[in-house]
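Colleague: Residue numbering for the sequence shown follows the working numbering, starting at 46 and increasing by one per position. Glycine included, C-beta positions come from ideal geometry on N, C-alpha and C. Sharing a structure here in structure tokens format.
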Amino acid sequence: MLKENYHIVGVMSGTSLDGIDLAEINFTKKDTWQFQILNSNTVSYSEEWLIKLKNLTQQSIKDLQQIDVDYTNYLAEVISTFIKKNNINHLDAVCSHGHTALHQPEEKLTYQIGNLPVLAEQLKQTVVCDFRVQDVQFGGQGAPLVPIGDQLLFSECDYCINLGGFANVSTFINKQRIAFDICPVNIVLNKYVQQLGFDYDDKGHLASQGKINQQLLEQLNALDFYKNSYPKSLGLEWVEQQIFPLIDNYKLEVKDILHTMIYHVAQQIVKVINQKDNASVLLTGGGTYNDFLVERIKALTNAKIVIPSAELIEFKEALIFGFLGVLKLRKENNCLASVTGASKDHSSGKIYKF
Numbered sequence: 046m047l048k049e050n051y052h053i054v055g056v057m058s059g060t061s062l063d064g065i066d067l068a069e070i071n072f073t074k075k076d077t078w079q080f081q082i083l084n085s086n087t088v089s090y091s092e093e094w095l096i097k098l099k100n101l102t103q104q105s106i107k108d109l110q111q112i113d114v115d116y117t118n119y120l121a122e123v124i125s126t127f128i129k130k131n132n133i134n135h136l137d138a139v140c141s142h143g144h145t146a147l148h149q150p151e152e153k154l155t156y157q158i159g160n161l162p163v164l165a166e167q168l169k170q171t172v173v174c175d176f177r178v179q180d181v182q183f184g185g186q187g188a189p190l191v192p193i194g195d196q197l198l199f200s201e202c203d204y205c206i207n208l209g210g211f212a213n214v215s216t217f218i219n220k221q222r223i224a225f226d227i228c229p230v231n232i233v234l235n236k237y238v239q240q241l242g243f244d245y246d247d248k249g250h251l252a253s254q255g256k257i258n259q260q261l262l263e264q265l266n267a268l269d270f271y272k273n274s275y276p277k278s279l280g281l282e283w284v285e286q287q288i289f290p291l292i293d294n295y296k297l298e299v300k301d302i303l304h305t306m307i308y309h310v311a312q313q314i315v316k317v318i319n320q321k322d323n324a325s326v327l328l329t330g331g332g333t334y335n336d337f338l339v340e341r342i343k344a345l346t347n348a349k350i351v352i353p354s355a356e357l358i359e360f361k362e363a364l365i366f367g368f369l370g371v372l373k374l375r376k377e378n379n380c381l382a383s384v385t386g387a388s389k390d391h392s393s394g395k396i397y398k399f
């Protein structure tokens, strides 16, 4: 007999390097799945970790393996502190994404650091983690993984879009759940605004002061990735090869780069959501706080843009990786072939007992 209630800590670190998101969640299975976020927190990275994580693609495999050990130990410390601080007891599992170091699914390669078995031993908790590897082995992109959560937890929305390092979307097309990365967002915006000494562009204020560079905008919109059909996903390597050199060729002021990039992101997102009439669109992720970006999206669509609570904006991915862990514990599919392009739906992830 499967349980109806699960008490979980979900943990996520994304490509935008905002920090480690942690959420204590209760999941309840009745006719549909319900959830309640009990506690949440984001732990910012130190300067030392930021430098390491930004340069993961440049490391040798040997160095990467050492960083993996160090990061797993660090993650254990962060999760442990969160559990103690919030007096969390009787957990069913800690469900952790880790942090993506390499993602080249066409080479059958994806590597998330922070998913070593020692995590369970240090936490003295059951750990469910490493959700992407099996999907890539089955011929999938290993991403995005959030759509099963969108389908089962947010079924009232036509589109669920996360604005993080990348914008990704999930929706129903021809009675199948489909999801894919749309375009880069904060992974680009943050890089350039940091040249001015800011971690991010608060509310898109700096971007709003810039001017559009039409030629750059057209070149960005013409990139081959946008012509590909789903399933498709993006990684840091693609941004380093395709986006940064293109932008840097123009030698623009940072404000003009940000302004042009916002137009690019809005146009790519709207190209997707305008395929359904009067759609409802749930926006989450840090980019939702970029007022200039949200205004640009609203200006280009008749869709109903839904901005949820701050807790859901910030912790939806931690919530859903917690949920993926629950599905794995129940031996239920948490990875959809229609989304990733894998050979079959499957129950992905590793379970470590302490």
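For my contact list, T102 and V163 are in at a C-beta cut-off of 8 angstroms; report their separation, rounded to the angstrom.
Modeller: Position 57 of the sequence shown holds residue 102. Position 118 of the sequence shown holds residue 163. Rounded, the Cβ-Cβ distance is 24 angstroms, inconsistent with contact.
Colleague: Just the C-alpha distance for D115 and K97, rounded to the nearest angstrom, thanks.
Modeller: Within the sequence shown, numbered from 1, the residue matching residue 115 stands at position 70. Within the sequence shown, numbered from 1, the residue matching residue 97 stands at position 52. Distance between the alpha carbons of D115 and K97: 11 angstroms.
Colleague: Assuming F176 and L190 make a contact with CB atoms under 8 angstroms, what is their CB distance in whole Å?
Modeller: In the sequence shown, the residue the question calls residue 176 occupies position 131. In the sequence shown, the residue the question calls residue 190 occupies position 145. Confirmed, about 6 angstroms.
Colleague: What are the boundary residues of the alpha helix (DSSP H) that includes F360?
Modeller: Reading the sequence shown from its first residue, position 315 is the one you call residue 360. Residues 355–374.
Colleague: So if DSSP puts I158 in a beta bridge, which residue, or which two residues, is it bridged to?
Modeller: Position 113 of the sequence shown, counted from the start, is the residue given in the question as residue 158. The partner list for I158 (beta bridge, DSSP) reads H144.
Colleague: Please classify K300 as buried or exposed, where buried requires at least 16 other C-beta atoms within 10 Å of its C-beta.
Modeller: What you label residue 300 is simply residue 255 of the sequence shown in a count that begins at 1. Buried, by the Cβ-count rule.
Colleague: Please report how far the alpha carbon of N335 lies from the alpha carbon of V310, in whole angstroms.
Modeller: As a working note, residue 335 is residue 290 in the sequence shown. As a working note, residue 310 is residue 265 in the sequence shown. Taking the straight line joining both Cα atoms gives about 12 angstroms.
Colleague: If P229 and V284 are in contact, beta carbons under 8 angstroms, what's the gap, nearest whole angstrom?
Modeller: Position 184 of the sequence shown holds residue 229. Position 239 of the sequence shown holds residue 284. Sure, about 5 angstroms apart at Cβ, within 8 angstroms.
Colleague: If I follow the unbroken beta strand (DSSP E) through R222, where does it start and stop?
Modeller: Taking the sequence shown and counting its residues from 1, one reaches residue 222 at position 177. Taken as a continuous stretch (DSSP letters only), the beta strand (DSSP E) holding R222 covers 221–229.
Colleague: Return the residue from the list L268, F199, V54, S105 that minimises the CA-CA distance to L120.
Modeller: Within the sequence shown, residue 120 is the residue found at index 75, counting from 1. Per the Cα distances, V54.
Colleague: Let me check understanding here. Comparing Cα to Cα, which of L265, L262, N235 lies closest to L251?
Modeller: Counted from its first residue, the sequence shown places residue 251 at position 206. Among L265, L262, N235, the Cα nearest to that of L251 belongs to N235.
Colleague: Using 10 angstroms around the beta-carbon of N347, count the other beta-carbons present and answer buried if the total reaches 16, otherwise exposed.
Modeller: Your numbering for residue 347 matches position 302 in the sequence shown. Burial call: exposed.
Colleague: Determine the extent of the alpha helix (DSSP H) in which F337 is found, giving its start and end residues.
Modeller: Position 292 of the sequence shown, counting from 1, holds the residue named residue 337. Segment 336–344, the alpha helix (DSSP H) holding F337.
Colleague: DSSP on T216, reduced to helix/strand/coil?
Modeller: The residue labelled residue 216 in the question sits at position 171 within the sequence shown. Looking at T216 - three-state DSSP - the assignment turns out to be strand.
Colleague: Out of A355, Q81, D137, which has the shortest C-alpha to C-alpha gap to K48?
Modeller: For this step, residue 48 is matched to residue 3 along the sequence shown. It is D137.
Colleague: Please report how far the alpha carbon of K398 lies from the alpha carbon of V173, in whole angstroms.
Modeller: For the purposes of this step, residue 398 is identified with residue 353 of the sequence shown, where counting begins at 1. For the purposes of this step, residue 173 is identified with residue 128 of the sequence shown, where counting begins at 1. Going by the C-alpha atoms only, they are around 9 angstroms apart.
Colleague: Are the CB atoms of C140 and V56 nearer to each other than 8 angstroms?
Modeller: What you label residue 140 is simply residue 95 of the sequence shown in a count that begins at 1. What you label residue 56 is simply residue 11 of the sequence shown in a count that begins at 1. Against a cut-off of 8 angstroms, the Cβ pair of V56 and C140 comes out as a contact.
Colleague: Tell me, which residues are paired with K349 by DSSP?
Modeller: Looking up residue 349 in the sequence shown gives position 304. Per DSSP, S325.
Colleague: Suppose you measure from the CA of D113 to the CA of K153; what does that come to, to the nearest Å?
Modeller: Counting from 1 along the sequence shown, the entry for residue 113 is found at position 68. Counting from 1 along the sequence shown, the entry for residue 153 is found at position 108. D113 and K153: Cα-Cα distance of roughly 19 angstroms.
Colleague: So who's on the other strand from K74, going by DSSP bridges?
Modeller: Translated into positions along the sequence shown, residue 74 becomes position 29. Answer by DSSP bridge pairing, in chain order: W78.
Colleague: Suppose contacts are defined by Cβ-Cβ distances below 8 angstroms. Is G280 in contact with F337 by that definition?
Modeller: Residue mapping note: residue 280 aligns to position 235 of the sequence shown, counting from 1. Residue mapping note: residue 337 aligns to position 292 of the sequence shown, counting from 1. For G280 and F337, no; Cβs fall outside 8 angstroms.
Colleague: Between which two residues does the beta strand (DSSP E) containing M46 stretch?
Modeller: For the purposes of this step, residue 46 is taken as the residue at position 1 of the sequence shown. No beta strand (DSSP E) holds M46; DSSP gives it neither H nor E.
Colleague: Just to confirm, does D175 get its C-beta within under 7 angstroms of one of the non-hydrogen atoms of the ligand PLP?
Modeller: Ligands displayed in this structure: none; no statement on the ligand PLP is therefore possible.
Colleague: If I'm right that F199 touches S388 with Cβ under 8 angstroms, what's the distance once you round it to whole angstroms?
Modeller: Numbered from its first residue, the sequence shown carries residue 199 at position 154. Numbered from its first residue, the sequence shown carries residue 388 at position 343. Actually they do not touch by this definition, with Cβ atoms about 27 angstroms apart.
Colleague: Tell me which same chain residues have a C-beta within less than 6 angstroms of the C-beta of V123, skipping the five on either side of it?
Modeller: Locating residue 123 in the sequence shown gives position 78, counting from the first residue. Counting only Cβ-Cβ distances below 6 angstroms, and skipping sequence neighbours, we find I65, V88.
Colleague: Between which two residues does the beta strand (DSSP E) carrying V172 extend?
Modeller: Reading the sequence shown from its first residue, position 127 is the one you call residue 172. That run of the beta strand (DSSP E) goes 172–174.
Colleague: Mind listing, in chain order, the continuous alpha helix (DSSP H) runs of no fewer than 4 residues lying wholly within the stretch 78–125?
Modeller: Taking only runs of at least 4 residues, the alpha helix (DSSP H) segments lying wholly in the stretch 78–125 are 92–99.
Colleague: For F80, which residues in the same chain have their Cβ closer than 8 angstroms to its Cβ, ignoring the five residues on either side in sequence?
Modeller: Locating residue 80 in the sequence shown gives position 35, where the first residue counts as 1. Hits under 8 angstroms: I70, N71, F72, T73, L198, L364, F368.
Colleague: For K69, which of helix, strand or coil comes out of DSSP?
Modeller: Here the question's residue 69 lines up with position 24 in the sequence shown. Note that residue 69 corresponds to Glu in the displayed sequence, not to Lys. Three-state result, E69: strand.
Colleague: Taking the CB atoms as reference points, tell me whether N231 and G332 lie closer together than 8 angstroms.
Modeller: By one-based count along the sequence shown, residue 231 stands at place 186. By one-based count along the sequence shown, residue 332 stands at place 287. Contact flag set, yes.
Colleague: Indicate the three-state DSSP secondary structure (helix, strand or coil) for L168 in the structure shown.
Modeller: Mapped onto the sequence shown, residue 168 falls at position 123. Note: L168 maps to helix in three-state DSSP.
Colleague: On the CB-based measure, 16 or more other CB atoms within 10 Å of its CB, does P290 come out buried or exposed?
Modeller: As a first step, residue 290 is located in the sequence shown; it is residue number 245 there, counting from the start. The residue is exposed, with fewer than 16 neighbouring Cβ atoms inside 10 Å.
Colleague: From what residue to what residue does the beta strand (DSSP E) around Y397 run?
Modeller: If you number the sequence shown from 1, residue 397 lands on position 352. First-last of the beta strand (DSSP E) with Y397: 395–397.
Colleague: Give the single residue among E362, S125, H391, L265 whose Cα lies nearest to the Cα of H144.
Modeller: Indexing the sequence shown from 1 puts residue 144 at position 99. Ranking the options by Cα distance to H144, first place goes to E362.
Colleague: DSSP three-state call for Y295: helix, strand or coil?
Modeller: Taking the sequence shown and counting its residues from 1, the one referred to as residue 295 is at position 250. Reduced to three states, the DSSP call for Y295 is coil.
Colleague: Over what stretch of residues does the beta strand (DSSP E) that includes I206 continue unbroken?
Modeller: Taking the sequence shown and counting its residues from 1, one reaches residue 206 at position 161. Residues 204–208.
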